[in-house]
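Some notes on the structure that comes next.
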């Protein structure tokens, strides 16, 4: 009986391979004639098979039991060859190979019961165990072995009174990270709460807040050095600690027959975040991570949707602002970015026409601004029974050299400005073919209410 029992078992395989050959010219800002030619060849390969077993049992009186266990294996193989030359004479050559394996198991059990007609209580347990080893060879040779995990319990109460809904809960977590002589054990408590009110059949408002924690990535906490280039070294920091984040969200929505307007504002305050730190040691710049003072972000956003007009046209406009305040022990940066995303669509019988445009939606963390994508796209698609044919055009007004995504570092010792030119993303024409080959009986047994996954390979970054 699909209404009472739901079992889902999946065996997944994810293979990620990225090869990049980056050529560039490096020069001091105050003397462009003193340059070197740089070639950075990277081959990053990661294989990740995982087994996901999900069980759900629905009982009478609004009672539900969920059990989920996920076992993951990650193998990463990263090769890098970096050279600098001047007037065809080699100046610097760096070779590095990173090979590693990670084994992890995530298990979670949740029980939910309706204590009253309009209220329910959920509580559960979850845990994670991971073992990671990485071998670094080449210009630098080193091996790391790490063991990390957590044990967590939680409880949450949900209740509705007429048009008013609220919930509150709390998590208690025990965390450990072990790497050689470096050990970290910590207990964390973090609450969450939300309230919502249906004003009428056209408008709705909700406010929510929670406290969470973030552990350092396994790569950042590794006691390893990797040479980036002739001036820079990336160094792990085994003394990193857990950081905490307070998040608050306000959402309001109003709609009628053809108009839908919603406003969303999200605020985050992160205490002692793990952010970058640049040190100077002799003639080298050390890029590492440190628990800094604070990081804040404010993101108000408005979305307006109109349609369908004449049962044909739909228009969607989203605009907002990203404001960041990144406060370290040796730096303090504020950054603001306005963004928009506009979409117009026409649907007539089996024909769909779409026009979309968006600008850079940028992020800022530590001392680095990372640019989002800027896109203009036009698409036409026609469906015949189970087959649909489409034509897409990306960035028709951009030249192959003008389309770019910059990354800017504002460090006072060693600032940098990198620009990624993706030639294939300008004036790109793509043909699409979709064919639905499903046949036979269709059965929908249910939907997973929990999704657990492990993607962190635990290797320190070895490139720029």
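Residue numbers (the numbering used here): -7 to 456.
Ideal Cβ positions, reconstructed from N, Cα and C, are used throughout, including at glycine.
What does a CB cutoff of less than 8 Å around residue 199 pick up in its chain, not counting 5 residues either side in sequence? 186, 187, 188, 240, 241, 242, 243
Helix, strand or coil at residue 437 [DSSP, three-state]: A caution first: residue 437 carries a pLDDT of 49, below 50, which makes its placement in the model too unreliable to give a value.
Tell me, please, whether the region 221 to 239 touches the region 298 to 318 by the rule of three or more beta-carbon pairs shorter than 8 Å. no
What does a CB cutoff of less than 6 Å around residue 63 pick up in its chain, not counting 5 residues either side in sequence? 43, 97
Cross-strand partners of residue 12 (DSSP beta bridge): 34
According to DSSP, which residues form a beta bridge with residue 353? Per DSSP, none; premise fails for residue 353.
What residues in its chain sit with their C-beta under 6 Å from that of residue 259, if we drop five residues either side in the sequence? 240, 290
Whole-angstrom distance between residue 398 and residue 424, CA atom to CA atom: 30 Å
Would you say the region 158 to 166 touches the region 209 to 216, given that touching needs at least three Cβ pairs under 8 Å? no
For residue 404, which three-state DSSP category applies? coil
Run the CB neighbour count on residue 287, radius 10 Å, all protein chains shown included, and call it buried at 16 or more, exposed below. buried
Whole-angstrom Cβ separation of residue 174 and residue 230, contact assumed at under 8 Å? 4 Å
What are the complete beta strand (DSSP E) segments, minimum 3 residues, inside the region 67 to 132? 81 to 106, 111 to 130
Suppose you measure from the CA of residue 270 to the CA of residue 279; what does that come to, to the nearest Å? 5 Å
What does a CB cutoff of less than 6 Å around residue 74 pick up in its chain, not counting 5 residues either side in sequence? 32, 86
For residue 417, name the three-state secondary structure that DSSP assigns. helix
Between residue 54 and residue 149, what straight-line distance do the alpha-carbon atoms span, to the nearest angstrom? 14 Å
Suppose the cutoff is 8 Å on Cβ atoms and the five residues either side in sequence are ignored; what does the same chain contact list for residue 19 look like? 25, 26, 27, 28
Touch check for the region 321 to 333 and the region 344 to 356: three-plus C-beta pairs under 8 Å? yes
In chain order, what residues of the same chain have a beta carbon less than 8 Å from the beta carbon of residue 82, not counting five sequence neighbours either side? 75, 76
Is the beta carbon of residue 305 less than 8 Å from the beta carbon of residue 338? yes
Around the C-beta of residue 249, are 16 or more other C-beta atoms found within 10 angstroms, so that it is buried, or is it exposed? exposed
In this structure, how does DSSP classify residue 289 when only helix, strand and coil are distinguished? strand
Reduced DSSP secondary structure (H/G/I, E/B, other) of residue 386: strand
N- and C-terminal bounds of the beta strand (DSSP E) containing residue 266: 266 to 273
Within 8 Å, strictly: CB atoms of residue 417 and residue 386: yes
For residue 60 and residue 406, the rounded distance between their alpha carbons: 47 Å
Would you kindly work out how many angstroms separate the C-alpha atoms of residue 381 and residue 346, rounded to a whole number? 14 Å
Mind checking if residue 254 is an interface residue toward chain C, Cβ cutoff 8 Å exclusive? Annotation note: the requested chain C is absent from the structure, which comprises a single protein chain.
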